[in-house]
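Numbering (my numbering), first residue to last: 29 to 97. For every residue, glycine included, the Cβ atom is placed at its ideal position computed from N, Cα and C. Here the structure is a predicted model, which is why all the values come from computation and not from measurement. In what follows, a structure is listed as C-alpha cells, so that the remarks can point back to it.
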C-alpha cells in the first residue's frame, strides 16, 4: 500500500490475466491491505471497457506524491 521504504508499508500481491493474442484484460486478483479497493476499481472498469494491457499502461490516473505515501 506504500513504498517498501516507508514505515508501515505492507505487501500487496496482484495477479492480472490478459488474452495472449489481443492483450485484452480478462481478470485480476489482488490480496493486500489499504488501497486494494482502488486498484480493483480501476481494473474492473478497464475490463468493462475492454481495455488492453497496452492501453492500461498508458492510463493517466490521479496521483499526488505528497499524499500518496
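(message) Buried or exposed for residue 39, going by 16 or more other Cβ atoms inside 10 Å?
(response) Indexing the chain shown from 1 puts residue 39 at position 11. It is exposed - the Cβ of residue 39 has fewer than 16 other Cβ atoms within 10 Å.
(request) Report, in whole angstroms, the separation of the C-beta atoms of residue 68 and residue 58, which I expect to be a contact under 8 Å. (result) Translated into the one-based positions of the chain shown, residue 68 becomes position 40. Translated into the one-based positions of the chain shown, residue 58 becomes position 30. Indeed, because the Cβ distance is near 6 Å, the residues count as touching under 8 Å.
(message) On the criterion of 16 or more Cβ atoms from any shown chain inside 10 Å, does residue 82 qualify as buried, or is it exposed?
(response) For the purposes of this step, residue 82 is identified with residue 54 of the chain shown, where counting begins at 1. Burial call: exposed.
(request) Compare the C-alpha of residue 91 against each of 50, 47, 42 and 63 and name the closest. (result) Within the chain shown, the letter at position 63 stands for residue 91. Among 50, 47, 42 and 63, the Cα nearest to that of residue 91 belongs to 63.
(request) Could you have a look at residue 89 and say whether DSSP puts it in helix, strand or coil? (result) Reading the chain shown from its first residue, position 61 is the one you call residue 89. In the structure shown, residue 89 sits in coil (DSSP, three-state: anything other than H, G, I, E or B).
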